[in-house]
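Using my numbering, the first residue of the sequence shown is number 5, and each one after it goes up by one.
Where a beta carbon is used, it is the ideal one built from N, C-alpha and C, also for glycine.
What you are looking at is a predicted structure, and each value in this text was computed from that prediction instead of being measured.
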Amino acid sequence: MISPRLISIGFALTSPMLQFLGTHATAISSFVYKRDPIGLHNIHTGEVTTFIPGLEACGGRNTSPDFVVAVNSAVFEQFRDVICDNKAMGVTAFGMTLVLRIADECLTCGPDDIALSPGAFEFFLPVSAGEFEAQWLIE
5 MISPRLISIG FALTSPMLQF LGTHATAISS FVYKRDPIGL HNIHTGEVTT
55 FIPGLEACGG RNTSPDFVVA VNSAVFEQFR DVICDNKAMG VTAFGMTLVL
105 RIADECLTCG PDDIALSPGA FEFFLPVSAG EFEAQWLIE
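1) Does the structure place the segment 51-62 close enough to the segment 115-135 that three or more beta carbon pairs sit under 8 Å?
2) Which value, in whole angstroms, describes the spacing of the CA atoms of GLY123 and ASP70?
3) Could you give the DSSP three-state label for PHE144: helix, strand or coil?
4) Restricting to runs no shorter than 3 residues, where is the beta strand (DSSP E) found entirely within the segment 35-95?
5) Can you give the beta carbon distance from ALA117 to ASN90, rounded, assuming they're within the 8 Å contact cut?
6) Since LEU111 sits in a beta bridge, which residues does DSSP pair it with?
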């Protein structure tokens, strides 16, 4: 098994996130947290694009170099209180995993899609790539 490259930006990783990071290479498509009936801790696969951060939906401010993510409107609205309490997300692609803070709502994202700040996107690929597919999990 190839060990993923992991970057954690200011978050303590809890057991569910560590389990995600440790098993994603072999069982990510079938791994679902049974303790979470509403699906917040399910692993999702979707398209990743980029967005220009600024005033975020939770009230803070971010800039392009910040490592933040925006989730689709349905997820954001359903879990607003949890998300606006500095919730972490693990994003895995190309054998690398990045843990970052959910900071905003993505109005153009599909149900399993997310948008990364340019700084976070460039952890995986140059922004000029436009998009890529990744697995993600909200901790």
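Judging by the given coordinates:
1) yes
2) For the purposes of this step, residue 123 is taken as the residue at position 119 of the sequence shown. For the purposes of this step, residue 70 is taken as the residue at position 66 of the sequence shown. Using only the alpha carbons, I get a separation of about 6 Å.
3) No information on residue 144 is available, as it lies outside the stretch 5 to 143 that the chain covers here.
4) 48-54 and 72-76
5) As a first step, residue 117 is located in the sequence shown; it is residue number 113 there, counting from the start. As a first step, residue 90 is located in the sequence shown; it is residue number 86 there, counting from the start. Just to set this straight, residue 117 is Asp in the shown sequence, not Ala. So it is not a contact: roughly 22 Å between Cβ atoms.
6) In the sequence shown, residue 111 corresponds to position 107, counting from 1. BP columns for LEU111 are empty, so no partner.
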